[in-house]
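Enquirer: Can you read through this structure? Questions will come right after.
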Amino acid sequence: MSWGTELWDQFDNLEKHTQWGIDILEKYIKFVKERTDIELSYAKQLRNLSKKYQPKKNSKEEEEYKYTACKAFLSTLNEMNDYAGQHEVISENMTSQITVDLMRYVQELKQERKSNFHDGRKAQQHIETCWKQLESSKRRFERDCKEADRAQQYFEKMDADINVTKADVEKARQQAQLRHQMAEDSKADYSSILQRFNQEQWEYYHTHIPNIFQKIQEMEERRIMRIGESMKTYAEVDRQVIPIIGKCLDGIVKAAESIDQKNDSQLVVEAYKSGFEPPGDIEFEDYTQPMKRTVSENSLSSSKEGKPELKFGGKSRGKLWPFIKKNKLVSLLTSPHQPPPPPPASASPSAVPNGPQSPKQQKEPLSHRFNEFMTSKPKIHCFRSLKRGGATPEDFSNLPPEQRRKKLQQKVDDLNKEIQKETDQRDAITKMKDVYLKNPQMGDPASLDHKLAEVTQNIERLRLETQKFEAWLAEVEGRLPARSEQARRQSGMYDGQTQQTVTNCAQDRESPDGSYTEEQSQESELKVLTTDFDDEFDDEEPLPAIGTCKALYTFEGQNEGTISVVEGELLSVIEEDKGDGWTRIRRSEDEEGYVPTSYVEVYLDKNAKGAKTYI
């Protein structure tokens, strides 16, 4: 099948068809180009999406990505970023392998088509010229033949007429012969031109046109084949990135499979664990005891050192607490704010620790109301400080023990990293100074002394700060409550303190040893009230003893309201343990205070419900 033989007379249609083929190719190029633009836009949107949900540096979101689910999500974002990169690769490969190549081929195709059809038109013009020559010689031959025939007829007419002279007859004969000769020449010329035209026409339809149409056919077939190859390349470009895209998707699946809900639950425990133990059972409070014992609930003799003067306006001084005796009021104001320390592992005095600060007792309604009255001003101050974003203490004492330990450990690690960095810088400066000493032309060694001294000073400062935080850390780690029955009893007091601290919103803070202390101003107010009430109730009699006790361990009462005891010492019990872990005892008429219940063995008198022992 050849266009030269089958379509020898379809020159114009072939011209239109080949132009349509080029338009199709340009349309395909446009399609691929728009696809590359879509891929680029899609890749850009994917990258923006991945970037949008990436955690911001040095923000709270970055801390959340320690959980496996968040890590998996972060891996998904990274894989999507790589996924977007593969779409960029698709766009680049389609542009370089299809769009650019086809655009160059279209220009070559247009040039080739133009050349082929130019040759075809040239052949057409040549055959048309030959045809015109043939028609011209044919018309001339026809005209000469007619003129020769008319000349012959005129000669015969003149020759038959007797009245015509012989000269006229001869002249007519010569004219007829001339016309016959011209007709013969025209015939020969026409015959020659006809043969040449037939030859040209045969070559035109059997040689020139077939060759030109064959070239056009080959050109068109190459165009069609090129479109097919481009479509294969189009598919191959996508297929080449499928394995990498598959790896991206496999990475997302692997990240999803790496999610460990148990690990995340453990991380939640580590993040929010306070270090406190759950509260223990609440002991039964027997209100059938004589009034002389219930009057002194949670009481403690106050210290009479440094009594500041507190003046109440008007008549309120004498009528403020008309129904409360001195010992009761003193116990409300100066009861020890510490949970009792756990009993020592051994009976040696060196093993006895001082207890941490205890929360205030919330079971006494009057004390609770009085404390609320006294802490009303700190409440307002606390809320204002919260609005201003109050500063966090340097030792993180505002945090629960476990969280405080983690913060201190993190701070120590950061300081150690800074020390290592400064140490490396000092070593580098020292080496550079040695090089300058060996090669003075490279630099002045004295110019590095200032920098070396500054780095050394920074190292010393960081080491001192590290020691400070390590001391706090060691203290916190040493004071974390053990999982024992006694610790669970104490944890209930810690929980009560935490709840009351939130309720009162006073600026209480945890001291370095893990205890909670109140503001100095509040303590001053309590002391002032205590001393003032001491003056008003000096004539009150001390509480009677309700039993005896024997000291099992030595206890150094260093906090206000406590009393020191020696192992084996016998003392009087004037107030039993009310659930806070403290027992009030008396050594003499003027020396009394609180000791940890676990440090003494208590024997109540016969009015109590038998001898109750706290060990």
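Heads up, the sequence shown is in the working numbering, so the first residue is 247 and it goes up one at a time.
Each residue gets a CB set at the ideal place from its N, CA and C atoms; glycine is no exception.
#1: Should the region 515-529 be called in touch with the region 345-359, which here means at least 3 C-beta pairs below 8 Å?
#2: What beta strand (DSSP E) runs, 3 residues minimum, are completely inside the region 792-838?
#3: Decide yes or no for the touch test of the region 379-386 against the region 448-460: beta carbon pairs closer than 8 Å, at least 3 of them.
#4: Less than 6 Å between C-beta atoms, sequence neighbours within five positions excluded: which residues of the same chain meet that for residue 817?
#5: Identify whether residue 842 lies in helix, strand or coil by the three-state DSSP scheme.
#6: Quick one: residues in its chain with C-beta nearer than 7 Å to the C-beta of residue 654, no 5 flanking neighbours on either side, listed in chain order?
#7: Might you give, ordered along the chain, the residues of its own chain that have their beta carbon closer than 6 Å to the beta carbon of residue 390, omitting 5 neighbours on each side?
#8: Can you check which of these residues, 458, 662, 414, 420, is closest to residue 708 by C-alpha distance?
#9: Taking its Cβ as the centre, do 16 or more other Cβ atoms sit within 10 Å of residue 827, making it buried, or is it exposed?
#10: I'd like to know whether the C-beta atoms of residue 355 and residue 443 end up nearer to each other than 7 Å.
#11: So is residue 638 buried or exposed if we call it buried at 16+ other beta carbons inside 10 Å?
#12: Looking at the unbroken alpha helix (DSSP H) that takes in residue 518, where does it start and where does it end?
#13: By Cβ distance below 8 Å, which residues in the same chain neighbour residue 569 in space, the five residues on each side in sequence not counted?
#14: Does the Cβ of residue 843 have 16 or more other Cβ atoms within 10 Å, making it buried, or fewer, making it exposed?
#15: Taking its Cβ as the centre, do 16 or more other Cβ atoms sit within 10 Å of residue 793, making it buried, or is it exposed?
#16: Between the Cα of residue 326 and the Cα atoms of 495, 504, 656, 671, which residue gives the shortest distance?
#17: Hey, could you find the ends of the alpha helix (DSSP H) residue 326 is sitting in?
#18: Just verifying my parser: in three-state terms, what is the DSSP assignment at residue 310?
#19: Among the residues of its own chain, which have a CB less than 6 Å from the CB of residue 502, if the five just before and after it don't count?
#20: Report, in whole angstroms, the separation of the C-beta atoms of residue 487 and residue 336, which I expect to be a contact under 8 Å.
#21: Distance check for residue 480 and residue 251, CA to CA, integer angstroms please.
#22: Assign residue 359 to buried or exposed, taking buried as 16 or more other Cβ atoms, counted over all protein chains shown, within 10 Å of its Cβ.
#23: The alpha helix (DSSP H) with residue 395 in it runs from where to where?
#24: Is residue 410 helix, strand or coil by DSSP?
#25: Is it buried or exposed for residue 413, if we count other Cβ within 10 angstroms and need 16 for buried?
#26: Mark residue 798 as exposed unless 16 or more other C-beta atoms lie within 10 angstroms of its C-beta, in which case mark it buried.
#27: Under three-state DSSP, which class holds residue 529?
#28: How would you label residue 456, buried or exposed, when you count the other beta carbons within 10 angstroms and need 16 or more for buried?
#29: Count the other C-beta atoms from every protein chain shown that fall within 10 angstroms of the C-beta of residue 422, then say buried if there are 16 or more, exposed otherwise.
#30: Between which two residues does the alpha helix (DSSP H) carrying residue 489 extend?
#31: Is residue 839 buried or exposed, if buried means 16 or more other CB atoms sit within 10 Å of its CB?
#32: Considering only DSSP beta bridges, list what residue 847 is partnered with.
#33: Exposed or buried, which one is residue 777 when buried takes at least 16 other CB atoms within 10 Å?
#34: Just verifying my parser: in three-state terms, what is the DSSP assignment at residue 300?
Expert: Result, derived from the coordinates:
#1: no
#2: 793-797, 816-821, 828-832
#3: no
#4: 795, 831, 833
#5: strand
#6: 642, 715, 718, 719, 722
#7: 428, 429, 432
#8: 662
#9: buried
#10: no
#11: exposed
#12: 507-518
#13: Its pLDDT being 39, under 50, residue 569 is placed unreliably by the model, and nothing is read from it.
#14: buried
#15: buried
#16: 495
#17: 314-340
#18: helix
#19: 318
#20: 6 Å
#21: 36 Å
#22: buried
#23: 346-406
#24: coil
#25: exposed
#26: buried
#27: coil
#28: buried
#29: buried
#30: 455-503
#31: buried
#32: 796
#33: Confidence at residue 777 is low in this model, with a pLDDT of 43, below 50, so the placement of that residue is unreliable and no value is reported for it.
#34: coil
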